[in-house]
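For reference, the structure is listed below as structure tokens.
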Amino acid sequence: DAKTTQPPSMDCAEGRAANLPCNHSTISGNEYVYWYRQIHSQGPQYIIHGLKNNETNEMASLIITEDRKSSTLILPHATLRDTAVYYCIVRVENDYKLSFGAGTTVTVRA
Amino acid sequence: GAGVSQSPRYKVAKRGQDVALRCDPISGHVSLFWYQQALGQGPEFLTYFQNEAQLDKSGLPSDRFFAERPEGSVSTLKIQRTQQEDSAVYLCASSLSLGTDTQYFGPGTRLTVL
Chain C
1 DAKTTQPPSM DCAEGRAANL PCNHSTISGN EYVYWYRQIH SQGPQYIIHG LKNNETNEMA
61 SLIITEDRKS STLILPHATL RDTAVYYCIV RVENDYKLSF GAGTTVTVRA
Chain G
1001 GAGVSQSPRY KVAKRGQDVA LRCDPISGHV SLFWYQQALG QGPEFLTYFQ NEAQLDKSGL
1061 PSDRFFAERP EGSVSTLKIQ RTQQEDSAVY LCASSLSLGT DTQYFGPGTR LTVL
């Protein structure tokens, strides 16, 4: 599996956009980029995933570079409830396993 | 609707005791997963069921770990002769059909082995 690199932590201001980077320079053509988050004392929660096109849903937007070697998760208007560990995961299309790394601890400050 | 539930939420065991952790997946979900999360780390895959069939148990750390899902619904993760290194949060997830569908996680069971 391709591995991902994320910054260990980042802060952002409430109401502002939070941009979470992820590097996956060895990603293969059939591997998707998934994002999950884990709020303290809860199980991970699916956010969004994509292959090569940018994706948007009610929670976030996912921007994948043209060469697919990196991506950015955007939380458009961060709230205090968005404080969590965010995991960027690269996953082969037919692979059921999720391989979590250490993630990015995001702290949203008032 | 009800999500994935796990019980107990917290378990304290003395070293050498056997423990059983239960997972109730979302009704109708075919696939079920167990993950182990050590303190400060991301979850790590343990095992995967499709209905009652255990298709992958490659992540189970030792033969003291055993998982079952006899009727294709509720699953139990059993750890025999617990060791201190087994202390972790054990997460269960389920998905609707194939394992590649979105996985929905339960809150986890925090196991502390003294």
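Protein chains in written order, with this note's numbering: chain C, 1 to 110; chain G, 1001 to 1114.
Glycine is no exception: its CB is placed at the ideal position from the N, C-alpha and C atoms.
Neighbour-count burial assignment, residue i, 16 or more Cβ in a 10 Å radius
i	result
His-24(C)	buried
Ile-1079(G)	buried
Pro-1008(G)	exposed
Ile-27(C)	buried
Ala-1038(G)	exposed
Val-1004(G)	buried
Gly-1040(G)	exposed
Ser-1031(G)	buried
Below-8 Å beta-carbon distance, residue i vs any chain C residue
i	result
Phe-1049(G)	no
Thr-1102(G)	yes
Ser-1097(G)	no
Ser-1031(G)	yes
Gly-1106(G)	yes
Gly-1028(G)	no
Segment limits, beta strand (DSSP E) that includes residue i
i	result
Leu-1021(G)	1019-1024
Gln-1036(G)	1031-1037
Val-33(C)	31-38
Backbone CA spacing between residue i and residue j [nearest angstrom]
i	j	result
Ser-1094(G)	Leu-1114(G)	30 Å
Ser-71(C)	Lys-3(C)	13 Å
Arg-68(C)	Lys-52(C)	7 Å
Arg-14(C)	Leu-1021(G)	In the sequence as displayed, the identity of residue 14(C) is Glu instead of Arg. Taking the straight line from one Cα to the other gives about 38 Å.
Ile-48(C)	Val-92(C)	15 Å
Gln-1050(G)	Ala-110(C)	44 Å
Arg-16(C)	Cys-22(C)	19 Å
Neighbour flag for residue i against chain G, beta carbons, 8 Å
i	result
Tyr-86(C)	no
Pro-8(C)	no
Ala-102(C)	yes
Pro-44(C)	yes
Stretch-stretch touch, CB-based, cutoff 8 Å, three pairs: the region 63-74 of chain C with the region 1010-1018 of chain G: Taking one beta carbon from each stretch, the region 63-74 of chain C and the region 1010-1018 of chain G have fewer than 3 pairs nearer than 8 Å; the two do not touch.
* Would you call the region 84-94 of chain C and the region 1070-1077 of chain G touching, i.e. three or more CB-CB distances under 8 Å? -> Touching, no, given that fewer than three Cβ pairs across the two stretches are closer than 8 Å.
Contact between the region 9-17 of chain C and the region 29-42 of chain C: three or more CB pairs below 8 Å?
-> Judged by Cβ distances under 8 Å, the region 9-17 of chain C makes no contact with the region 29-42 of chain C, as fewer than three pairs qualify.
- Query: Below 8 Å, can you find three or more Cβ-Cβ pairs linking the region 1103-1111 of chain G to the region 1048-1062 of chain G?
  - Reply: For the pair of segments examined, the region 1103-1111 of chain G was found not to touch the region 1048-1062 of chain G: the number of CB pairs separated by less than 8 Å stays below three.
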